[in-house]
Amino acid sequence: MPKEFSIAMPQSVGDVLRGHLIRDDYEEDLSFALWTPSYGSNRLTALIHSPILPTEGDRQRHGNASFNPQYFERVCSLALREAAGIAFLHSHPGSGWQDMSRDDLNAELKLSGATMGLTDLPLVGLTVGHDGTWSGRFWTHVHAKGYERKWCRNVRVVGGRLQAFFSDQLAPKPEFRNLFKRTVTVWGEENHANLARLRIGIVGLGSVGSMVAESLARMGFENFVLLDFDEVQPHNLDRLLGAMEKDIGKLKIDVAERQIRRSATARHPVIAKIPFSIAEEPGYRAGLDCDVLFSCVDRPRPRYILNHFAYSHLIPVIDGGVAVRFKGGEFSGVDWQLQTVGPDHPCLSCLGAFDMGDVATEVEGKLDDPSYLQGLANDHRFKRNENVFPFSSNLASLEVLQLISLSTGIAGISDFGVQRFRYLPGILDADTERTCLRDCEFTSMIAQGDRHFALFGRDIGAELARARQTSNKSKSKRSA
Ligand SMILES: [Zn+2]
Ligand SMILES: [Zn+2]
Numbered sequence: 003m004p005k006e007f008s009i010a011m012p013q014s015v016g017d018v019l020r021g022h023l024i025r026d027d028y029e030e031d032l033s034f035a036l037w038t039p040s041y042g043s044n045r046l047t048a049l050i051h052s053p054i055l056p057t058e059g060d061r062q063r064h065g066n067a068s069f070n071p072q073y074f075e076r077v078c079s080l081a082l083r084e085a086a087g088i089a090f091l092h093s094h095p096g097s098g099w100q101d102m103s104r105d106d107l108n109a110e111l112k113l114s115g116a117t118m119g120l121t122d123l124p125l126v127g128l129t130v131g132h133d134g135t136w137s138g139r140f141w142t143h144v145h146a147k148g149y150e151r152k153w154c155r156n157v158r159v160v161g162g163r164l165q166a167f168f169s170d171q172l173a174p175k176p177e178f179r180n181l182f183k184r185t186v187t188v189w190g191e192e193n194h195a196n197l198a199r200l201r202i203g204i205v206g207l208g209s210v211g212s213m214v215a216e217s218l219a220r221m222g223f224e225n226f227v228l229l230d231f232d233e234v235q236p237h238n239l240d241r242l243l244g245a246m247e248k249d250i251g252k253l254k255i256d257v258a259e260r261q262i263r264r265s266a267t268a269r270h271p272v273i274a275k276i277p278f279s280i281a282e283e284p285g286y287r288a289g290l291d292c293d294v295l296f297s298c299v300d301r302p303r304p305r306y307i308l309n310h311f312a313y314s315h316l317i318p319v320i321d322g323g324v325a326v327r328f329k330g331g332e333f334s335g336v337d338w339q340l341q342t343v344g345p346d347h348p349c350l351s352c353l354g355a356f357d358m359g360d361v362a363t364e365v366e367g368k369l370d371d372p373s374y375l376q377g378l379a380n381d382h383r384f385k386r387n388e389n390v391f392p393f394s395s396n397l398a399s400l401e402v403l404q405l406i407s408l409s410t411g412i413a414g415i416s417d418f419g420v421q422r423f424r425y426l427p428g429i430l431d432a433d434t435e436r437t438c439l440r441d442c443e444f445t446s447m448i449a450q451g452d453r454h455f456a457l458f459g460r461d462i463g464a465e466l467a468r469a470r471q472t473s474n475k476s477k478s479k480r481s482a
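Numbering (the working numbering), first residue to last: 3 to 482.
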């Protein structure tokens, strides 16, 4: 049984449903929709993908609406054909997260048995208020007692903007503290409550990841999932925020956690540390527990997986990278590029941020094979990893600004597009016109979860890192 429940839908689907359910005369209406499950380590998310709006004769409206059996039968046969779950949605004239009336409870309770029997997935119930706020719940099977309502921690609408509607009961609004007063006065308490409660996954706690973490902790974010299997090495110390010489050999996630706790302005930050790669099942599932992911990795395979998450699992990913250039052995320039990916944004594959051939090379373990790397030219992309603290800190700052605009839309902008800083001539370019290529496989799988494939498996780089850490530990024990 999952510890937590959530619902996510693409903005395009949300627009269709709201357009039908929210009526100018404030009368209630209803609809069904189909969903696919997304299984994280602790969270089950219903990915709503297909609205099945009622047609004439499917329902009666009389203040509050009720549906006819033929409508539910039609929904059942579509759900069976698509091997999908069933969601029942209705509207209320009120605003904010909605509670349920006795009629609501009876209607959903009645549907929950038939739905589970047919689809083997729990019924999902949603209510939308007149202000567009979604609230949601799952009806899970409890032995003998029948079905029980489990409220969602949040309902997320993902597109050009990320709207997350939280249950104030399961995710209480952050208590105002003078510690983050200057931050809150910039965007207001409501935006702050929506930002601070997002569960943020940071994939890679190197230079960029450590600075993203610092920024979020200072602003009052409460919920972190830190993913990295690597330990601090001497060559990290010129860029790794919070790391000291005595940290060499410690896991980067342990150093990051210490730094977040030092800087946090939230009263009780919750930090999950995952010493695995996003390509290994524990890392993959922990990633699927998040509301937003920062891709702070410099490898093709995690980018490929995160790109899949952004579309198939509706978790927006903020990705960036630094590319330093040399000419005849001399520094000749540097660019850093960043982008938010997910529905209504161009994907990392279409933007050329990773290459499928490189993903295959990484899966084979060649990027961790010294003899393979030795055979490559010195300026090969697999061998380039030059970086300097201000490159990374500027990139990290721009990435956090993309999150703020995505979630709040403050000053009327929610999407900065693909941004690229060019050291020569010192200019930040923004491209808001890019879209995916017409035959993009990622955008064709929006809200499909892992129906077609799951992308976890072995990660040779992570296995080698853990073996190295174990042998370092036993060496230091022997010398002690
Ligand atoms: Zn109701
Ligand atoms: Zn694409």
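Don't be surprised by glycine CBs; every beta carbon is placed ideally from N, CA and C.
{"Check": "Backbone CA spacing between Gly167 and Asp433 [nearest angstrom]", "Outcome": "One detail in the question is off: residue 167 reads as Phe in this sequence, not Gly. So the two alpha carbons sit approximately 29 Å from each other."}
{"Check": "Residues near ligand 2, criterion Cβ-heavy atom distance below 7 Å", "Outcome": "Pro348, Cys349, Ser351, Cys352, Cys438, Leu439, Cys442, Phe444 and Thr445"}
{"Check": "Between the CA atoms of Leu403 and Asp321 - distance to the nearest angstrom", "Outcome": "12 Å"}
{"Check": "Neighbour-count burial assignment, Glu364, 16 or more Cβ in a 10 Å radius", "Outcome": "buried"}
{"Check": "Option nearest Gly87 by Cα separation, candidates Ser114, Leu107 and Asp240", "Outcome": "Ser114"}
{"Check": "Near ligand 1: Ser68 beta-carbon under 7 Å from a heavy atom", "Outcome": "no"}
{"Check": "Spatial neighbours of Met221 in its chain, beta-carbon cut-off 6 Å, leaving aside the 5 residues before and after", "Outcome": "Thr185"}
{"Check": "Helix, strand or coil at Phe278 [DSSP, three-state]", "Outcome": "coil"}
{"Check": "Classification of Lys479 by the beta-carbon crowding that lies within 10 angstroms, buried from 16 upward", "Outcome": "exposed"}
{"Check": "Enclosing beta strand (DSSP E) for Ile50 [first to last residue]", "Outcome": "Arg45 to Ile54"}
{"Check": "Identified DSSP bridge partners for Asp337", "Outcome": "Ala325 and Arg424"}
{"Check": "Closest Cα partner of Leu383 within the set Asp360, Ile276 and Gly206", "Outcome": "Looking at the sequence provided, one finds Arg at residue 383 rather than Leu. Per the Cα distances, Asp360."}
{"Check": "beta-carbon Gly135 near ligand 1 non-hydrogen atom, thresh 7 Å", "Outcome": "For the record, residue 135 in the displayed sequence is Thr; it is not Gly. False, no ligand heavy atom lies under 7 Å from that Cβ."}
{"Check": "Proximal residues to Phe466 (C-beta, below 8 Å), its chain only, five neighbours per side dropped", "Outcome": "Just to set this straight, residue 466 is Leu in the shown sequence, not Phe. Correct list, in chain order: Asp370."}
{"Check": "Limits of the alpha helix (DSSP H) - the one that Trp153 falls within", "Outcome": "Per DSSP, Trp153 belongs to no alpha helix (DSSP H); it is in the beta strand (DSSP E), Gly148 to Trp153."}
{"Check": "Buried versus exposed call for Met358 [16 or more other C-beta atoms within 10 Å across all chains shown]", "Outcome": "exposed"}
{"Check": "Same chain only: Cβ atoms within 7 Å of Ala464, ignoring 5 sequence neighbours per side", "Outcome": "Phe231, Phe278, Ser279 and Glu282"}
{"Check": "Proximal residues to Leu46 (C-beta, below 8 Å), its chain only, five neighbours per side dropped", "Outcome": "Pro4, Glu6, Phe7, Ser8, Pro39, Ser40 and Phe140"}
{"Check": "Given Ser399 as reference, the closest of Ala268, Val214 and Leu228 once Cα atoms are compared", "Outcome": "Val214"}
{"Check": "Minimum length 3: unbroken beta strand (DSSP E) runs contained in the stretch 351-380", "Outcome": "none"}
{"Check": "At least 3 beta-carbon pairs within less than 8 Å: the stretch 176-190 vs the stretch 252-260", "Outcome": "no"}
{"Check": "Ala355 to Pro304 span [Cα, whole Å]", "Outcome": "11 Å"}
{"Check": "Assumed close pair Arg155, Leu172 - CB separation to whole angstroms, cut-off 8 Å", "Outcome": "5 Å"}
{"Check": "Sub-8 Å separation of Phe1 and Arg61 beta-carbons", "Outcome": "Any question about residue 1 goes unanswered here, given that the chain covers just 3 to 482."}
{"Check": "For Val77, the three-state DSSP class (helix, strand or coil)", "Outcome": "helix"}
{"Check": "Cβ of Glu435 within 8 Å of any chain E Cβ", "Outcome": "Chain labels in this structure do not include chain E; a single protein chain is all it has."}
{"Check": "Cβ-heavy atom distance, His64 to ligand 1, below 7 Å", "Outcome": "no"}
{"Check": "Host alpha helix (DSSP H) of Asn196 (start-end)", "Outcome": "Lys183 to Ala198"}
{"Check": "6 Å CB neighbourhood of Pro284 in its chain, flanking five on each side removed", "Outcome": "Phe278"}
{"Check": "Between the CA atoms of Asp240 and Glu247 - distance to the nearest angstrom", "Outcome": "10 Å"}
{"Check": "Helix, strand or coil at Pro486 according to DSSP, with G and I counted as helix", "Outcome": "Residue 486 is absent from the structure shown; the chain starts at 3 and stops at 482."}
{"Check": "Burial state of Thr57 (16 or more Cβ within 10 Å)", "Outcome": "exposed"}
{"Check": "Candidates Arg468, Ala362, Gly162 and His132: closest to Asp26 by CA position", "Outcome": "His132"}
{"Check": "Ranges of the alpha helix (DSSP H) found wholly within the stretch 283-315, counting only runs of at least 4", "Outcome": "283-289 and 302-314"}
{"Check": "Exposed unless 16 or more other CB atoms sit within 10 angstroms - verdict on Tyr149", "Outcome": "buried"}
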